[in-house]
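Engineer:
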Amino acid sequence: MVVAIDGPSGSGKSSTSRGVARALGLAYLDTGAMYRAMAWYMLDRGVDVHDPAAVGARAGEPSLVSTTDPDAPTIAVDGVDVSEPIRGAAVTGAVSPVAAVPAVRERLVALQRAAVAEVLAGGRGIVVEGRDIGSVVLPDATAKIYLTADPAARAARRAAEDAGRDGADVPDPTSLEATAASLAARDAIDSTRAVSPLTMAEGAVHVDGTHDTLDEVIARVVGIVEAAAARR
Ligand code: DC
């Protein structure tokens, strides 16, 4: 069983994907974390992330290893766990241009397919989240979900997550506005890039989580996955 969950930033993809993996006893792969790890590497090496040729020339360098436990997913670059730093503002600001570079996508798509093949060879299924999973990476997935939420709901969730990471309980209004602007900027790049733009894959089921709790969205997706598996 392979479940592809695509959608824009802040749609609740990560929490939903992990919840679905837990509910169904599946592994979990966060492909966004792989693009973030690649962006982290470029920043660490002083590569200009707005220079596609420079980024492309070095896309083959880092070793990237993802673990697939939905309760504690990690990602390492050249043996260093970067799970925390890839969530910081520097990487978030750099990742969309890095993810638009064809050589980066070629390398990461190959790594993603290999990670999925390894899990399947071990007799388990997997939930894979990203932007192009159902359309490009795993077009034969058992079930494909396109998860969205209204921009305002997405910005509020992402700002609350960021505030939690910074030790505050609630985001201040300025950071909410900044988060909304940053989400909109990333959406624009992710949806209009030439290679594998964010799009609803053929055969995907659209789930709008704007008015649902996380548990409700997870239950809906589990129902869709079970129905798709039963049809196979
Ligand atoms: O889901 P996220 O915010 O961690 O994704 C980080 C960036 O990576 C975002 O700009 C979109 C990009 N991405 C992508 O292009 N393809 C994927 N399969 C996953 C993420």
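Oh and the sequence shown: position 131 is 1371 in our numbering, straight run, nothing missing. Note that the Cβ used here is the ideal one computed from N, Cα and C, for glycine as well. Predicted model, so just to flag it, every value in this text is computed and none were measured.
(1) Please identify the residue among T1307, L1266, V1320, T1314 whose C-alpha is closest to the C-alpha of D1284.
(2) Would you report the Cα separation of V1474 and Y1275, rounded to the nearest angstrom?
(3) Closer than 8 Å by C-beta to T1308: which residues in its own chain qualify, once you throw out the five before and the five after it? Chain order, please.
(4) Which one or two residues does DSSP pair with S1306 in a beta bridge?
(5) Between the Cα of D1372 and those of A1357, A1444, P1411, spot the shortest distance and give me the residue it belongs to.
(6) Could you check whether S1336 and S1436 sit closer than 9 Å to each other, using their CB atoms as the reference points?
(7) Can you check whether the CB of L1438 is closer than 9 Å to the CB of D1246?
(8) Could you name the residues that DSSP lists as bridge partners for V1242?
(9) Is V1243 near T1382, with beta carbons less than 9 Å apart?
(10) Could you tell me which residues DSSP puts in a beta bridge with I1373?
(11) At a cut-off of 8 Å, would you count L1438 as near the ligand DC, judging by its Cβ distance to the nearest heavy atom?
(12) Please report the Cβ distance between S1323 and T1314, rounded to the nearest whole angstrom; I am assuming they are in contact, meaning their Cβ atoms lie under 8 Å.
(13) Give a single yes or no on whether E1369 has its beta carbon closer than 8 Å to a heavy atom of the ligand DC.
(14) Give the range of the alpha helix (DSSP H) segment to which L1423 is assigned.
(15) According to DSSP, is L1387 helix, strand or coil?
(16) Can at least three beta-carbon pairs, one atom from the stretch 1409–1425 and one from the stretch 1387–1397, be found at a separation below 8 Å?
Structural biologist: This is what the structure holds:
(1) V1320
(2) Only positions 1241 to 1472 of the chain appear in this structure, which leaves residue 1474 out of reach.
(3) A1267, Y1268, L1269, A1355, V1359, I1366
(4) I1315
(5) A1444
(6) no
(7) yes
(8) I1366
(9) yes
(10) DSSP lists no partner for I1373.
(11) yes
(12) 5 Å
(13) yes
(14) 1413–1432
(15) strand
(16) yes
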